[in-house]
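The sequence shown runs 122 to 297 under my numbering.
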Amino acid sequence: MRTIEPIIVLAIRDALACFSESPSIPYLPHPMEVCRLVLACGGSQLSACAAVLHDVVALGKLHPSAVEQRYGSTVLERVQVLSRQRADDEEGLLLLCADRLSHLLQWGPMAPQENLVRERNALQVSLRRLDPTARQILSQRLDSVQAEPVVHRVKPKRTRLRNAGSARRSIQQHVS
């Protein structure tokens, strides 16, 4: 297991400082879960740093120029990958998959089943583009998200008589 680099510790301190006015709100579980998943899958320390900072930047608590000045352009690019929800390389895709998986783990039990199934399926498709080690680690965590198959109720179709004229004649014959 790799050690946490000072850059990630600094990012955690900055993230906590941005939320110092409300210390009772549990801010860090989601970003730290994304960071942990990125590191477990072999992602870079810079991507893990971006994982810690992405929500702080998204909420406007830390300006992107401050991220670039303090952590460098690579971390800023990774944070922007998470805000755009689109990646051009495998490291960015790993970040996106880890972020989506963390959201599913956190909010999945409260989400409507149809949305949960759709999100799980979309994430499984994205995981196919990762290297086998990362895919295996994230797939195992994804399997812990319970999603029941969605069963759509089908209304019975109203059927018409194929030959209404012959039906009327046969009814008239039986009546008379």
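Virtual Cβ for every residue (Gly too), placed ideally from N, Cα, C.
No experiment lies behind these values; they were computed from the predicted model shown.
Task: V271 versus R221 - alpha carbon distance - done: Within the sequence shown, residue 271 is the residue found at index 150, counting from 1. Within the sequence shown, residue 221 is the residue found at index 100, counting from 1. Residue confidence for V271 is low, a pLDDT of 44 falling below 50, so the modelled location carries little weight and cannot support an answer.
Task: Contacts around Q245, its chain only, beta-carbon distance under 6 Å, and the 5 residues preceding and following it disregarded - done: In the sequence shown, counting from the first residue as 1, residue 245 sits at position 124. None.
Open item on the list: Which of the three DSSP states is assigned to D209 in this structure?
Closed with: Position 88 of the sequence shown, counted from the start, is the residue given in the question as residue 209. D209: coil per DSSP, three-state reduction.
TODO: Give me the Cα-Cα distance between C218 and L248, rounded to the nearest whole angstrom.
DONE: Residue 218 sits at position 97 when you count from the first residue of the sequence shown. Residue 248 sits at position 127 when you count from the first residue of the sequence shown. Computed Cα separation, rounded: 7 Å.
Task: Inter-stretch contact (C-beta, 8 Å, three-pair minimum) for the region 124–138 and the region 164–171 - done: They touch, by the three-pair rule.
Task: Where R123 falls: helix, strand or coil (DSSP) - done: Against the sequence shown, residue 123 aligns to sequence position 2. With a pLDDT of only 46 at R123, under the threshold of 50, the placement of this residue in the model should not be trusted, and no figure is reported.
Open item on the list: Check this for me: beta carbons of L259 and L167, under 8 Å apart or not?
Closed with: Within the sequence shown, residue 259 is the residue found at index 138, counting from 1. Within the sequence shown, residue 167 is the residue found at index 46, counting from 1. Going by C-beta atoms, L259 is not nearer than 8 Å to L167.
Open item on the list: Judging by CA-CA distance, which residue of Q227, W228, R241 and Q201 is the nearest neighbour of L216?
Closed with: Translated into the one-based positions of the sequence shown, residue 216 becomes position 95. If you compare the alpha carbons of Q227, W228, R241 and Q201 with that of L216, the shortest gap goes to Q201.
- [ ] With DSSP as the reference, label P233 as helix, strand or coil.
- [x] As a working mapping, residue 233 is identified with position 112 in the sequence shown. Look at P233 here: in three-state DSSP terms it is coil, with no helix or strand label.
Open item on the list: Is it buried or exposed, P152, if we count other Cβ atoms within 10 angstroms and call 16 or more buried?
Closed with: By one-based count along the sequence shown, residue 152 stands at place 31. Classification for P152: buried.
Open item on the list: Using CA atoms only, rank isn't needed, just tell me which of D252, L203, D264 and L237 is closest to C156.
Closed with: For this step, residue 156 is matched to residue 35 along the sequence shown. For C156, the nearest C-alpha among the options comes from L203.
Task: Nearest residue (CA-CA) to I128, options V188, G163 and K182 - done: To locate residue 128, count along the sequence shown from 1; it is residue 7. Out of V188, G163 and K182, V188 has the C-alpha closest to the C-alpha of I128.
Task: Q356 versus E235 - alpha carbon distance - done: As shown, the chain starts at 122 and ends at 297. That puts residue 356 outside it, with no answer to give.
- [ ] Report the three-state DSSP secondary structure of L149 (helix, strand or coil).
- [x] Taking the sequence shown and counting its residues from 1, the one referred to as residue 149 is at position 28. It is coil, neither helix nor strand.
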